[in-house]
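So for the sequence shown, our numbering puts the first residue at 162; every next one is plus one. C-beta atoms are modelled at their ideal positions from N, C-alpha and C, and glycine is treated no differently. Remember, predicted model here, so these are calculated numbers, not experimental data. Working notes, beginning with the structure itself.
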Amino acid sequence: MSASSVPPVVPRVIPGNAGTGPGPLGRARRPLPLPALSSEYARTADTAYALSAVDKSGRIADRSIVRALGWAPETRLDIREQSGVILACATADGVHRIGNRGYMLLPLTVRRWCRLKAGDRVLLVAHLSADVLAAHPLTVLDRLLAGTHSAVKRGETA
């Protein structure tokens, strides 16, 4: 049995072309087309989002949203439930507070009103200029988005 070697195939290199500039045979590369988004989809820099789990003691695992709001440990908060959404805002006479390690704790009564259990996730929405944090349990999001999802399934557009 004799071994035969196959010569390697090496692409031709154009001098001065290190992966940028003109393409093969010196033709200029055009940028890929990108669709322009309409202004109705523009994001506002005033809002930050995070998706996080709630543990058995009510601690929200994600601290980035608390830092985005500038809430340091010991910041006093007013936390309440409204229509299934948990609202928190910093206030000098708040009963609740940000913990020593920078975690926000949801009170048991609020968790019970929203039927949150250990491991449940919430969508956190920080309205930075208003200094307000809204925590949306996923069941609330299901209700809010049900009509939109039904319309998409039927092929309707907004």
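- request: Please name the residue, chosen from His-257, Ala-209, Arg-237, that lies closest to Leu-289 on a Cα-to-Cα basis.
  value: Ala-209
message: Per the DSSP calculation, Val-301 is bridged to which residue(s)?
response: Residue pairing from DSSP leaves Val-301 without any beta-bridge partner.
- request: Compare the Cα-Cα distances from Thr-270 to each of Ile-240, Val-286, Leu-284 and report the closest residue.
  value: Ile-240
field: Beta-carbon spacing of Ala-299, Arg-282 below 7 Å
entry: The question names Ala, yet the displayed sequence has Leu at residue 299. Going by C-beta atoms, Leu-299 is nearer than 7 Å to Arg-282.
- prompt: Which full runs of the alpha helix (DSSP H) of 4+ residues lie inside the segment 257-301, going along the chain?
  reply: 269-274
- prompt: Taking DSSP as the reference, what is the three-state secondary structure of Leu-193?
  reply: coil
query: Whose CA, out of Asp-292, Ala-253, Val-170, Lys-278, lies closest to the CA of Arg-220?
result: Lys-278
- prompt: Which residue comes first and which comes last in the beta strand (DSSP E) that contains Ser-213?
  reply: 208-214
- prompt: When burial is assigned at 16 or more other CB atoms within 10 Å of the CB, is Val-215 buried or exposed?
  reply: buried
message: Going by the DSSP bridge assignment, what does Arg-241 pair with across the sheet?
response: Leu-248
- prompt: By Cβ distance, which residues of its chain are closer than 6 Å to Ala-295, with the 5 residues on each side in sequence left out?
  reply: Contacts found: Val-246, Leu-248, Val-286.
- prompt: With DSSP run on the structure shown, which of helix, strand or coil describes Arg-228?
  reply: Three-state DSSP puts Arg-228 in a helix.
message: Is the beta carbon of Val-293 closer than 7 Å to that of Gly-263?
response: no
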